[in-house]
Structures are given as C-alpha cells and as structure tokens.
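Visitor: I am attaching a structure below and will ask some questions about it afterwards.
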Amino acid sequence: MWNLRDKYAIAGIGQTEYSRASGRTVLDLASEACLKAAQDAGVALADIDGIISFNFNDSVPAIAVASSLGIPHAMHAVDYAAGGNGANLIVLAATAAIEAGLAKNVLVYRAMNGRSGFRLGGGRDMNARGVTQYTAPFGWITYPQAMAMWCRRHMIKYGTTQDQLAEVAITFRENAGLNEAAMLRAPITRDDYFNSRMIVDPFRVLDICLESDGACAVLVTDSARARDLRQKPVYITGGAYGGGLHQGDDLFDALRWPDHTRNYAASIADDLWKSAGLRPSDVDVAEIYDCFTYSIIMQLEGFGFCAEGEGGPFVKDGHIKRTSSLPTNTHGGLLSEAYIHGFNHVLEAVRQLRHTAGARQVPDAEVALTTAGAMTCGSAMLLRN
Amino acid sequence: MTPYNKPVPVEDPDSAPFWAGCREQKLLVQHCLECRTPRYPARPYCHQCQSTHYEWRASSGRGSVYSWIVVHHPVPKEIYAGDVPYVVALIDLEEGVRMASNIIGCDPDAISGGMPVEVQFEQVTTAVTLPQFRPSTAA
Numbered sequence: 513m514w515n516l517r518d519k520y521a522i523a524g525i526g527q528t529e530y531s532r533a534s535g536r537t538v539l540d541l542a543s544e545a546c547l548k549a550a551q552d553a554g555v556a557l558a559d560i561d562g563i564i565s566f567n568f569n570d571s572v573p574a575i576a577v578a579s580s581l582g583i584p585h586a587m588h589a590v591d592y593a594a595g596g597n598g599a600n601l602i603v604l605a606a607t608a609a610i611e612a613g614l615a616k617n618v619l620v621y622r623a624m625n626g627r628s629g630f631r632l633g634g635g636r637d638m639n640a641r642g643v644t645q646y647t648a649p650f651g652w653i654t655y656p657q658a659m660a661m662w663c664r665r666h667m668i669k670y671g672t673t674q675d676q677l678a679e680v681a682i683t684f685r686e687n688a689g690l691n692e693a694a695m696l697r698a699p700i701t702r703d704d705y706f707n708s709r710m711i712v713d714p715f716r717v718l719d720i721c722l723e724s725d726g727a728c729a730v731l732v733t734d735s736a737r738a739r740d741l742r743q744k745p746v747y748i749t750g751g752a753y754g755g756g757l758h759q760g761d762d763l764f765d766a767l768r769w770p771d772h773t774r775n776y777a778a779s780i781a782d783d784l785w786k787s788a789g790l791r792p793s794d795v796d797v798a799e800i801y802d803c804f805t806y807s808i809i810m811q812l813e814g815f816g817f818c819a820e821g822e823g824g825p826f827v828k829d830g831h832i833k834r835t836s837s838l839p840t841n842t843h844g845g846l847l848s849e850a851y852i853h854g855f856n857h858v859l860e861a862v863r864q865l866r867h868t869a870g871a872r873q874v875p876d877a878e879v880a881l882t883t884a885g886a887m888t889c890g891s892a893m894l895l896r897n
Numbered sequence: 040m041t042p043y044n045k046p047v048p049v050e051d052p053d054s055a056p057f058w059a060g061c062r063e064q065k066l067l068v069q070h071c072l073e074c075r076t077p078r079y080p081a082r083p084y085c086h087q088c089q090s091t092h093y094e095w096r097a098s099s100g101r102g103s104v105y106s107w108i109v110v111h112h113p114v115p116k117e118i119y120a121g122d123v124p125y126v127v128a129l130i131d132l133e134e135g136v137r138m139a140s141n142i143i144g145c146d147p148d149a150i151s152g153g154m155p156v157e158v159q160f161e162q163v164t165t166a167v168t169l170p171q172f173r174p175s176t177a178a
C-alpha cells in the first residue's frame, strides 16, 4: 500500500489550450504545459530533476521534454506504458521517486494530439495478433465497443438504464458551461441525448468522451518545500493503483475478468481509503474518469459512494451535480472539457482545492478524489489542501 | 468475390490448435491436466496451478449470453459499413470459459442476458474459420 500520506504535494500546474486541431507538435504542447507548471510553482528549470509521463497512443518521451526545455539535470526521466489507468499512477510514481532519492522536483505530464494526430484506436492492423486474435476478428475493435459490453452487463444484472447514463452526460456538460477551457460548453437536454446518434448500443455519441489535442502537467515536490513556493500546496494524502485477478493482456482485454459490473475501483478502494485515513463521505469534490458515461457508475459503486448496483439511481437522483452531495467532474470531465487521458482531472482537483475554480468552485472544498481507469486496472488519489 | 478484408487471427504457438479445431468445425477448449481448470484464450500456463500440461477437448458448443453490444457505427468504416448493425457478445460456454464472438441469425432486439446459444462455424478464408453463435435450436 502507498504510505506517503501528505509527505508530497502538487506545487504547480500547467496546461495548454484544448482543441480538435492544435496545429502544433506534441513536443510543443508537452513543453508548454511543463514550463507553465514549473513557473506556476516558482521552481527553476535547473532544479527539475525528474520528468514522468505515460505514453499509450500519442505522446513524446520525457527525455524529449527535458531536451526541449534545456533542463540540465533530468536524472529521472521515465515514460510509463499506461493509458486510461495512468493519470494518477504517474503522480504516485513521482512521490515514490522522490521518496527513493531519485529526484526532488518532478514534472509529471500527459500530452497528445489525440484528435488531429493519432486518434485512439487509429492505425489498425488487420492482422490480429496476441489476445486481439480473440476479439478483433468478430468486429470487436474500439474502446466504445469494449466499454459498451461492460455497461450491458450492468444493465442485465441491475436494470441500469440509458436514462441514467443521460444524467451523467447532462450534468458534466452543465459544469463545462462554467469552464472557459472546456471544448463543449452548450447545455444539452435529455432529448438531445436520446436524439444523438447510436454508436454501439447501449452507447450514443453523448455517452462517449471527446478526442482532444492538448497537454497538462503538474509539479510534485516535498511538502515542506512546497510550503515555501508560490502556490498553496495541494497535499497528496492517499493513493492506490492496480486491479484484480485477470487484468488481461492489454487495456482492451477483459475476457477473463470475472465480473463486468465491477471494475478496478472495487479492487483498489480499500487501499485508497486506508492510505489516506479517509472515507467516501469525506470527499468534497470528485474528478472521476469518464471516458464513457457508464464508467462513472462503476466507479461510484467501486469506491463506495453507493452500493453495488445502485450507481444508476444514485446519478439519476442528482447526487453528482455540482451543487449536490458529491460534486463530480466540475470541469466537465473527459465528456465535455477535454480528453487529456484523465490528467486534466488532476488539474481540476488542484484548482478546486486552491479555491481558484471560479464560477464552478465547490465552496470550502478540502478533500478531492481523482481517478483514472475504467476497466480492469486503474489509479486514484485523494488530495487535500 | 471481393477479398476478405476484416481482421484475421494470426495464429501463434499457443493458439494454433484452437484455430485448427475451428477449421474442422470443432470448438476446442484447453483444459489443465493437473487441476482440470479450463481456460480461454489459449495460454501456456494454467492460471490456477501453473502447470504447462494441458489437453484440448471439444466443447459442446452450447452456452449462454453473458453480455452483448450492437455495433451501429462501423469502424473502420470501409470494412464494416455493409455489416452494421451487427452483434458482438460474450458467451459463457457450458465448459466454464467465456469467449467473444458474434450472434447471428437473430434480430438484435430479441437478444437477452442468459439467452441460450450454440456455435455455428463460418469459413471466412481458406485459412480461417470463425466460431459464431446462433440462438439455441434445442427445446
């Protein structure tokens, strides 16, 4: 179990514009976000000695960012082979690196031209190798198709409905309306949801996240040092990463996963809460990985905000609204702000805990949850101010 | 006849017997010789007891629908545009393993969780036969 409660903090954040066509290289985007995070913290580039990212799909290596910005002592420059599971994993990896003496000030980033460049699931090989030979020949290929299979199982077992999924999409779009950085801000109605195109039943267009160009970065350092820097520190108070038996051979594969109504959240929840000494009722604001509307429901159940099978009614009853008991994805999430592979959730949690989230600020927020992942493995953090 | 342009399985040392079985219209399931645990997809090690000794046994070909999706938006478009809507399902075989496949010969709206299905082999190229499933004809 991760056991560095409050020992390290996020001292700086930086992001680029989010768009469908950046017209810039991924290296340019990553460099901008990282430079801004260092400047936000007030840490000189000469003092940066670690850079960590994750690289599923489109990315640039950590050493490229170090070279781009002329960081002289990037001793711990590491790329994790991770995807939707990775956003919190790499922040926790930064705390582990500092604890081990590998670095003192670590930039952690995610950068991608996820729309104009390499679209997730693009560039497909018609030769289905490895575990893909058991899925792709049946026309089971894309991530929406993968997650829709999980969702249907929840519908079979618990009677979860598309009307409940609609509530997730509508709620996050409402939040995005208060976020100038969000890619989609116009409010949507239940009719808009049901009139949107069916992509893979049970998912419509509005169940599926955006594809985006952009980058996000944070600076992680020792908490004592963070207190001397420019911004009010946001402490990393809890963290967990992992999954259960049969996580599969890649991020798509869940053929041997025993129960498609429970994802990684149920596997790591105990470690997460214990690492922080907190419980679900302590969370003031939650930034939950929403590659699809449905992934919210499984995570609400898995992390213990409601009972198994109750995720649908929980969202339909309005509990995840910004003004309700569990304000969720206050920035609009991956569904409406941008898809920076979940790393934008970490930045929103920091803004909420700094109380700089403007019109969408959750009053007096003290504890935030951020999660990353939707299927068999994932990561989560509890942050506090 | 247009050439088959959909993804095809690339056999490897673990999977070759499974696909060879399909070509002979047999659905073979790998069983551990030590602890009898069945497994799918084909794997060198038993996940229960780590034994590498196994045998291939013919499945009854009968199972039930664990979950399913109906693909409406074709990806890649040029390859699946003529097939949508089509059904992909997870099938729990009687032998105790779960496999991904298609459900054919059935209105997608008529599918339900737990519905009994049975295998039907579809030869798509000279080298590849895919196991698909149709609603069970047994009473």
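The listed protein sequences correspond, in order, to chains A and B. For my numbering, add 512 to where a residue sits in the first sequence, where the first one is 1. For my numbering, add 39 to where a residue sits in the second sequence, where the first one is 1. We put the beta carbon where it would ideally sit given N, CA and C, even for glycine. This structure is a prediction, so every number in the text was calculated from the model and none was measured.
1. By a C-beta neighbour count over all protein chains shown, 10 Å radius and 16 as the cutoff for buried, is B/TYR7 buried or exposed?
2. Just the C-alpha distance for A/MET810 and A/ARG774, rounded to the nearest angstrom, thanks.
3. So, with DSSP's three-state summary, where would you put A/GLN551?
4. Using a Cβ-Cβ cut-off of less than 8 Å, list which residues of the segment 763 to 777 of chain A approach chain E; keep chain order.
5. Please state the DSSP three-state secondary structure of A/PHE568.
6. Between A/HIS843, A/ILE564, A/ASP876 and A/TYR753, which has its C-alpha nearest A/THR883's C-alpha?
7. State yes or no: is the C-beta of A/ILE832 within less than 9 Å of the C-beta of A/LEU812?
8. Compute the Euclidean distance between the alpha carbons of A/ALA549 and A/LEU731, then round it to the nearest angstrom.
9. Tell me, please, whether the CB atom of B/SER90 is closer than 9 Å to any CB atom in chain A?
10. Of all the CB atoms in chain A, is at least one closer than 9 Å to the CB of B/SER54?
11. Among the candidates A/ILE575, A/PHE817, A/ALA594 and A/TYR801, whose CA atom is the shortest distance from the CA of A/SER468?
12. Where A/ILE522 and A/GLU611 are concerned, what is the direct C-alpha to C-alpha distance, given to the nearest angstrom?
13. Check the Cβ-Cβ distances between A/ASP719 and every residue of chain B, and say whether any is below 9 Å.
14. Checking the sheet assignment: what are the DSSP bridge partners for B/PRO170?
15. Does any residue of chain B have a CB that is nearer than 9 Å to the CB of A/MET638?
16. Within the same chain, show all residues whose beta-carbon is closer than 6 Å to that of A/GLY821, passing over the 5 residues directly before and after it, in chain order.
17. Is it buried or exposed for A/GLU544, if we count other Cβ within 10 angstroms and need 16 for buried?
18. Closest by CA to A/ARG834, which one among A/SER807, A/VAL795 and A/ARG631?
19. Can you name the residues that DSSP bridges to A/GLY726?
20. Use the C-beta contact count for A/ASP705: other C-beta atoms within 10 angstroms, 16 or more gives buried, fewer gives exposed.
21. Indicate whether at least one CB of chain B lies closer than 9 Å to the CB of A/ASP713.
22. Nearest chain B C-beta to A/GLY651 closer than 9 Å, yes or no?
23. Looking only at its chain, what residues have a beta carbon closer than 6 Å to the beta carbon of B/SER98, apart from the 5 residues adjacent to it on each side?
24. Taking contact to mean 3 or more Cβ pairs, one atom from each stretch, closer than 8 Å, check whether the segment 717 to 733 of chain A and the segment 521 to 539 of chain A are in contact.
25. Quick one: is A/GLU692 buried, meaning 16 or more other Cβ sit within 10 Å of its Cβ, or exposed?
26. According to DSSP, simplified to helix, strand and coil, what is A/ILE522?
27. B/ALA120 versus chain A: which residues are under 8 Å apart at the beta carbon?
28. CB-CB under 7 Å to B/ALA139, same chain, minus the five flanking residues each way: which ones, in chain order?
29. Using a 10 Å radius around the Cβ and a threshold of 16 neighbouring Cβ atoms, would you call B/CYS74 buried or exposed?
30. Taking the alpha carbon of A/THR607 as the reference point, which residue from A/LEU757, A/ALA869 and A/ASP518 has its own alpha carbon closest?
31. Look at B/VAL158 and B/LYS45 and say whether their C-beta atoms are less than 9 Å apart.
32. Starting from A/PHE804, follow its DSSP beta bridges and name the residues at the other end.
33. Measure the beta-carbon distance from A/ALA599 to A/VAL874 and round it to whole angstroms, keeping in mind my assumption that it falls under 8 Å.
34. Assess contact between the segment 710 to 724 of chain A and the segment 675 to 682 of chain A, defined as three or more Cβ pairs (one per stretch) separated by less than 8 Å. Is contact present?
35. Taking just the CA atoms, how far does B/PHE57 sit from A/ASP591?
36. Can you give me, in chain order, the residues of the segment 128 to 140 of chain B that have a beta carbon less than 9 Å from any beta carbon in chain A?
Guide: In short:
1. The displayed coordinates of chain B run from 40 to 178. Any statement about residue 7 of chain B would go beyond what the structure contains.
2. 6 Å
3. helix
4. The chain inventory of the structure shown lacks chain E, comprising the protein chains A and B.
5. If DSSP states are grouped into helix, strand and coil, A/PHE568 belongs with coil.
6. A/TYR753
7. yes
8. 6 Å
9. For B/SER90, the nearest beta carbon of chain A is not closer than 9 Å to its own beta carbon.
10. yes
11. Examination of residue 468 of chain A is not possible in this model, given that chain A is present from 513 through 897 alone.
12. 15 Å
13. No - not a single Cβ of chain B is within 9 Å of the one on A/ASP719.
14. B/PHE160
15. yes
16. Around A/GLY821: TYR670.
17. buried
18. Taking the Cα of A/ARG834 as reference, the smallest distance to any Cα among A/SER807, A/VAL795 and A/ARG631 is reached at A/VAL795.
19. A/MET624, per the DSSP bridge assignment.
20. A small fix is needed here, since residue 705 of chain A is Tyr in this sequence, not Asp. It counts as buried.
21. yes
22. Yes, because at least one Cβ of chain B sits closer than 9 Å to the Cβ of A/GLY651.
23. LEU66, VAL68, LEU132 and GLU134
24. These segments touch.
25. So A/GLU692 ends up on the exposed side.
26. strand
27. The premise fails here: B/ALA120 is roughly 12 Å from chain A at the closest Cβ pair, so nothing lies under 8 Å.
28. When the five nearest sequence neighbours on each side are left out, the beta carbons in the same chain lying within less than 7 Å of the beta carbon of B/ALA139 are those of VAL127 and LEU129, in order along the chain.
29. Burial call: exposed.
30. A/ASP518
31. no
32. DSSP output for A/PHE804 lists A/ILE720 as bridge partner(s).
33. A/ALA599 to A/VAL874, Cβ: 20 Å. No contact.
34. yes
35. 36 Å
36. ALA128, LEU129, VAL136, ARG137, MET138, ALA139 and SER140
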